[in-house]
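Below: one structure, written as structure tokens.
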Amino acid sequence: MYPRLLSFCLKYVNDRSVADEIVEDCMFYLWERKRDMEKVKDLKSYLYMMVRNKALAYLKQHRRVVRMEAHSETVPDIDEGYVVEEEVHAILMAALDTLPEKCRRVFELSCLEGIRYKDIAEDMNISVNTVKSQRARAIELLKIRLKDYPVLMVYLSFLLKDQIF
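Counting from -6, one number per residue, gives the positions in the sequence shown under this note's numbering.
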């Protein structure tokens, strides 16, 4: 489970040591609260969401640091690649937030977390066909919303290796 969570986290932070720390923090959190976890229906999905949220919180905090450094005259330059990557990530997250709740949830679970259709269907109490149709709907809506961002279209196609644009 740890290697899959680490790989998932690396999609967000692109820094092995930061991803390690985030995943370890999440695992430790679960260990400390293992009695409370009995109430969680799908622990795997819960753990993936926890890792995603911590990674996004890290990016948000790191963005503040980058902005502060950008305004400081003592810092000669900023890693432009990181700033661009963060902007791309922010655009993608904003597009995801515009999706209907069920579409967004299915897309995140299937495409970002790699959870099987059957498991998603059980977790959300819907049929496998509904999962497939909601995923397809999410992809179509994202294609429309991201059509002006070719870099994101490439990234989206990478996430959806089995989908053809």
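Glycine included, every Cβ here is placed at the ideal spot set by N, Cα and C.
For residue i, does the count of other Cβ atoms within 10 angstroms reach 16, so buried, or fall short, so exposed?
i, result
"I137", "exposed"
"E73", "Confidence at E73 is low in this model, with a pLDDT of 45, below 50, so its placement is unreliable and no value can be given for it."
"A48", "buried"
"S0", "exposed"
"S120", "exposed"
"L36", "exposed"
Whose C-alpha, out of the options, is nearest the C-alpha of residue i?
i, options, result
"K34", "K125, D112 and A50", "D112"
"C96", "C2, A131 and Q54", "A131"
Would you mind reading off the limits of the alpha helix (DSSP H) that contains residue i?
i, result
"D112", "Y110 to M117"
"Y22", "R9 to E25"
"K34", "Unbroken run through K34: none, as it is neither H nor E."
"P(-4)", "Y(-5) to V6"
"C96", "E94 to F100"
Please go through the same chain and pick out, in chain order, the residues whose beta-carbon is closer than 7 Å to the beta-carbon of residue i, but skip the five residues on each side of it.
i, result
"Y142", "I84"
Leaving out the 5 sequence neighbours to the left and right, which residues in its chain are closer than 6 Å to residue i when beta-carbon positions are compared?
i, result
"T67", "Unreliable placement is indicated for T67, whose pLDDT of 46 sits below 50; the coordinate value is still reported in the next sentence. So the list is empty, once near-sequence residues are dropped."
"Y75", "With a pLDDT of 45 at Y75, under the threshold of 50, the modelled position of that residue is not reliable, and no figure is offered here."
"R43", "Before going further, note that residue 43 is Met rather than Arg in the sequence given. So the list reads C19, once near-sequence residues are dropped."
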